[in-house]
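For the sequence shown, my numbering assigns the number 1 to the initial residue and increments by one for each residue that follows. C-beta: ideal position from N, C-alpha, C; glycine also. Predicted model, so just to flag it, every value in this text is computed and none were measured. See below for the structure under consideration.
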Amino acid sequence: MTIRITWARAAAAIVGLALAGLLFAWSGVFNIAASSGHWKITDWFLHWTMRNSVRTYAAVTAPDDPKANEGLVSAAGLFKASCASCHGAPGVRPLPVMQAATPPAPDLSINAREWTDKQIFWILKHGVKYTGMPGWAAKDRDDEVRRMVAFVRLLPEMSPAAYRALTDVPASSGKAPGKTDDARIVTCAGCHGTDGNGRGQPDIPVLGGQSPAYLRAVLQAYATGRRQSAVMSNAAATLTPAEMTRLADHFAAMPGIGRATPSGSTEAAKIAREGLPKVQLPACSSCHAPGKPYPVLAGQRASYIAQRLRNWRGDETVVDSRKSQSTMPVIARRIPEDMIDPLAQYLAGR
């Protein structure tokens, strides 16, 4: 017997299959338990699809400079706090409860070798659906993602001692100012140092000497998402108001900011003192001075100032109207590109 295939019969078959699928899903027979795992063919198909997707989107959307080789302390600190429980770390096993997920998080000391820098950047920034891998927790902070790419790239060759050197308070801190047994302060000192000077890292600001009120307000802004940083938002999210006050008072009491005299080029001095009226750029000193509710910049790390200004400027290929219209992003875009480093050096002073 010959069955004639018509458009009506084909449509009816498709509708019937769709209804059968919906009936199967409604029945609850399909086992979604993570403990049941995937069939091998399902596991292969999902990973094959994921790798193809990462390869395609990374090639098209990831930046050509996906890795930053400086400032790994902050990336290591975030990895220790948020990633090591799933992926493990040099000398640190992943938590068994995290490895019971479907799929379990890969061992990056092995898995990192399988991806290019651009692909790692894309995975870190966007995450992977249907896994426990989240997207980056801060909008427009590609600088943080680049530092994490560099850290992940080093994991296959990193020793436990090197990992501890990046993530723990330096061993010599026992005689350093600010020594304390307060667990919260010790955790923050892992990146900011026991002296509040940021362990010499170009991306970590000097906290010593800032206003306690300003530091407390910054922690609140990170905790509520009003200020963007995956590193700091993660650190501030669980702090109580009392802990924020204690941390702000502790680090503000240390020497650092405000002990330097601005010094550098005359062009930078003019921007700092007078601004550039022709492009509606206000003077830096109009806001950033002792006694005002904004951070003091005299004595701040020049590399940190320059990095923040460039990050606020955003992608040069995006039109101004589509970028953030908050105060500092607008001001940063009005500073001539060739004056960012001289201005940062002038503000940092001697």
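Reduced DSSP category for residue i - H, G, I as helix; E, B as strand; rest coil
i, result
"VAL319", "coil"
"LEU95", "coil"
"ALA75", "helix"
"LEU19", "helix"
"ALA302", "helix"
"ALA89", "strand"
"LEU281", "strand"
"THR194", "coil"
"MET50", "helix"
"TRP360", "A query on residue 360 cannot be resolved here, the shown segment of the chain reaching from 1 to 350 and no further."
"PHE24", "helix"
"LEU154", "helix"
"GLU70", "coil"
"GLY200", "helix"
"ASN31", "coil"
"GLN307", "helix"
"ARG226", "coil"
"VAL169", "coil"
"ILE335", "coil"
"GLN325", "coil"
"GLY127", "coil"
"TYR214", "helix"
"LEU247", "helix"
"TYR294", "coil"
"TRP39", "coil"
"ALA235", "helix"
"CYS287", "coil"
"TRP44", "helix"
"LEU207", "coil"
Top-ranked residue by Cα proximity to residue i, from the options
i, options, result
"GLY77", "VAL152, TRP122, MET133", "VAL152"
"GLY71", "VAL319, ARG147, MET98", "ARG147"
"GLU267", "ASP142, CYS284, VAL206, LEU108", "CYS284"
"GLN201", "ALA253, LEU17, ALA344, SER74", "SER74"
"LYS67", "ALA344, ALA89, THR116, TYR163", "THR116"
"MET254", "ALA248, GLY208, GLY299", "GLY208"
"ASP43", "ARG55, PRO104, SER82, PRO90", "PRO104"
"ASP182", "GLU243, THR6, ILE3", "GLU243"
"ALA355", "THR238, THR224, ALA10", "Outside the displayed span of the chain (1 to 350) sits residue 355, for which this structure offers no information."
"GLY314", "GLN99, VAL330, GLY225", "VAL330"
"ILE335", "PRO282, GLN325, GLY256, THR317", "PRO282"
"ALA348", "ALA112, SER265, THR317, MET232", "SER265"
"GLN345", "ASP107, LEU219, ALA221, ILE305", "ILE305"
"ALA59", "LYS278, ILE120, GLN280", "ILE120"
"ALA100", "SER109, LEU108, HIS87, ILE110", "HIS87"
"ASP64", "ALA138, VAL149, GLY127", "VAL149"
"ASP203", "ARG310, PHE24, SER27, PRO94", "ARG310"
"ASP107", "ARG259, PRO277, ALA84", "ALA84"
"LYS125", "LEU155, SER326, SER321, VAL54", "VAL54"
"SER326", "ARG226, ALA260, THR317", "ARG226"
Pairwise C-alpha distance: residue j and residue i
i, j, result
"SER303", "GLN228", "19 Å"
"PHE251", "TYR57", "42 Å"
"MET158", "VAL319", "41 Å"
"LYS323", "ARG308", "15 Å"
"PRO262", "ASP140", "30 Å"
"GLY37", "ALA161", "35 Å"
"ASP249", "GLN210", "9 Å"
"MET351", "VAL97", "For residue 351 there is no data in the structure shown, the boundaries of the chain being 1 and 350."
"THR49", "TYR130", "12 Å"
"THR187", "THR167", "9 Å"
"ALA235", "HIS47", "32 Å"
"ARG199", "HIS192", "6 Å"
"GLY16", "THR6", "15 Å"
"TRP122", "PHE30", "32 Å"
"ALA272", "VAL206", "20 Å"
"GLY174", "TYR163", "Any reading at GLY174 must be qualified, since the residue scores a pLDDT of 42, below 50, and its modelled position is unreliable; the value itself is stated next. Cα to Cα, the separation comes out at about 20 Å."
"GLY299", "THR61", "38 Å"
"LYS40", "ALA18", "25 Å"
"ARG333", "TRP312", "7 Å"
"ALA89", "ALA33", "28 Å"
"GLY256", "LEU247", "16 Å"
"PRO342", "GLY275", "14 Å"
"ALA112", "ASP338", "36 Å"
"ASP195", "ALA189", "8 Å"
"ALA51", "GLU144", "The question names Ala, but residue 51 is Arg in the sequence shown. Rounded to whole angstroms, ARG51 to GLU144 spans 23 Å at the Cα level."
"LEU219", "SER35", "39 Å"
"THR240", "PHE79", "23 Å"
"GLU114", "ASN197", "37 Å"
"ALA230", "ALA138", "5 Å"
For residue i, the residue or residues it bridges with in DSSP
i, result
"LEU276", "LEU281"
Check: residue i C-beta below 7 Å from any heavy atom of the ligand NAP
i, result
"THR245", "Here there are no bound small molecules, and the ligand NAP is not part of this structure."
### Query
Do the stretch 211-219 and the stretch 287-307 meet, that is, are 3 or more Cβ pairs less than 8 Å apart?
yes
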